[in-house]
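S.K.: Could you have a look at this structure, given as structure tokens, before my questions?
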Amino acid sequence: METIINNKYKVQSVRDLTDSTYVVRINRYGMQFKAGQNLNLGLAGDTEKRDYSIYSGINDDYLEILVKEVDEGLVSKKLKRLNPGDQLEVDGPFGFFTIKEEDENSRKFLFIASGTGIAPFHSIMRSHPGIDFKIIHGIRYSNEAYEKTHYPKGNYISCVSQDKKGDFIGRVTDYVKQNPVNKDTLIYLCGNVNMIYDVFDILKEQGVPSENLHAEVYF
Ligand SMILES: Cc1cc2nc3c(=O)[nH]c(=O)nc-3n(C[C@H](O)[C@H](O)[C@H](O)COP(=O)(O)OP(=O)(O)OC[C@H]3O[C@@H](n4cnc5c(N)ncnc54)[C@H](O)[C@@H]3O)c2cc1C
Numbered sequence: 001m002e003t004i005i006n007n008k009y010k011v012q013s014v015r016d017l018t019d020s021t022y023v024v025r026i027n028r029y030g031m032q033f034k035a036g037q038n039l040n041l042g043l044a045g046d047t048e049k050r051d052y053s054i055y056s057g058i059n060d061d062y063l064e065i066l067v068k069e070v071d072e073g074l075v076s077k078k079l080k081r082l083n084p085g086d087q088l089e090v091d092g093p094f095g096f097f098t099i100k101e102e103d104e105n106s107r108k109f110l111f112i113a114s115g116t117g118i119a120p121f122h123s124i125m126r127s128h129p130g131i132d133f134k135i136i137h138g139i140r141y142s143n144e145a146y147e148k149t150h151y152p153k154g155n156y157i158s159c160v161s162q163d164k165k166g167d168f169i170g171r172v173t174d175y176v177k178q179n180p181v182n183k184d185t186l187i188y189l190c191g192n193v194n195m196i197y198d199v200f201d202i203l204k205e206q207g208v209p210s211e212n213l214h215a216e217v218y219f
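Residues in the sequence shown are numbered consecutively from 1, following my numbering.
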């Protein structure tokens, strides 16, 4: 195995999923992490760093992150232009947005994401293939259903607000209103803060206890 020097991780590839969203794959160098955790990274030598959830699974021999290029964004634009062999400075893993071992085989999970907020759930699903889960993915256009074939059929539901080609036409909030959640389900939310607050309010009205709710805010 190649050794790691000064937290510098070599880029293996950049895989475009849409015009603005892509997956960066880097060497793992044996990094241990829990599915749902994130990395803090930027271009080697650059002072600007950002947090990115790990997209790959704990058994993959590489690390991946799923990134959306943000208009005027300082880091996400640079990551899109990476080439194989380039280097990233990476710290981590960080965070507690993970599932508990004792819940893994005994509980039902509902994962609710907006946009690239699906990244930690991709890692969790890949790392713990036996878990009983459903993913509700809020996106604007149906082509943002990033790598939906990776999820077992029936476990992934796109909620598309701007075209008519989603599994559900409308926002995740509409989906959750129309499909009340079982109170015993463990619910994980990730992505935009407004989506998270709006869904929290609906779940509270549905009587979901707060100890069953977990959230990771991206922006
Ligand atoms: C714990 C954590 C995990 C994260 N994981 C991911 C991830 O897996 N994938 C990912 O793409 N991003 C993720 N983010 C967001 C990421 O850290 C950056 O904020 C994002 O890439 C923008 O950085 P930038 O330097 O390009 O833009 P900046 O120059 O920092 O900011 C530009 C503006 O873009 C806004 N913004 C940030 N993200 C988005 C977005 N997705 N859509 C629209 N506007 C946005 C910011 O609020 C800011 O106003 C995560 C954030 C946190 C806190």
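Think of the CB as a built atom: it goes at the ideal place given N, C-alpha and C, for glycine as much as any other residue.
These numbers come from a predicted model, not from an experiment.
Assign P120 to one of two classes, buried (16 or more other C-beta atoms within 10 Å of its C-beta) or exposed (fewer than that).
M.R.: Result: buried.
S.K.: Taking just the CA atoms, how far does P152 sit from G117?
M.R.: Distance between the alpha carbons of G117 and P152 is about 18 Å.
S.K.: Using a Cβ-Cβ cut-off of 6 Å (strictly less than) and excluding sequence neighbours within five positions of S114, which residues of its own chain qualify?
M.R.: Closer than 6 Å at Cβ, skipping near neighbours: G138, G191, N192, M195.
S.K.: Please determine if the stretch 8-15 and the stretch 83-99 are in contact, where contact requires at least 3 C-beta pairs separated by less than 8 Å.
M.R.: Cβ pair count under 8 Å is three or more, so yes.
S.K.: Pair every Cβ in the stretch 26-45 with every Cβ in the stretch 53-65, then say whether three or more of these pairs are closer than 8 Å.
M.R.: Taking 8 Å as the limit for Cβ pairs, the verdict is that the stretch 53-65 does touch the stretch 26-45.
S.K.: At a cut-off of 7 Å, is T18 close to ligand 1 when judged by its beta-carbon and the heavy atoms of the ligand?
M.R.: Not so, every heavy atom of ligand 1 lies at least 7 Å from the Cβ.
S.K.: Among L110, N143, K49, which one has its Cα closest to the Cα of F133?
M.R.: Checked all of L110, N143, K49; the closest Cα to F133 is L110.
S.K.: Taking the C-alpha atoms as reference points, what is the distance between R81 and V70?
M.R.: When rounded, the distance between both Cα atoms is 13 Å.
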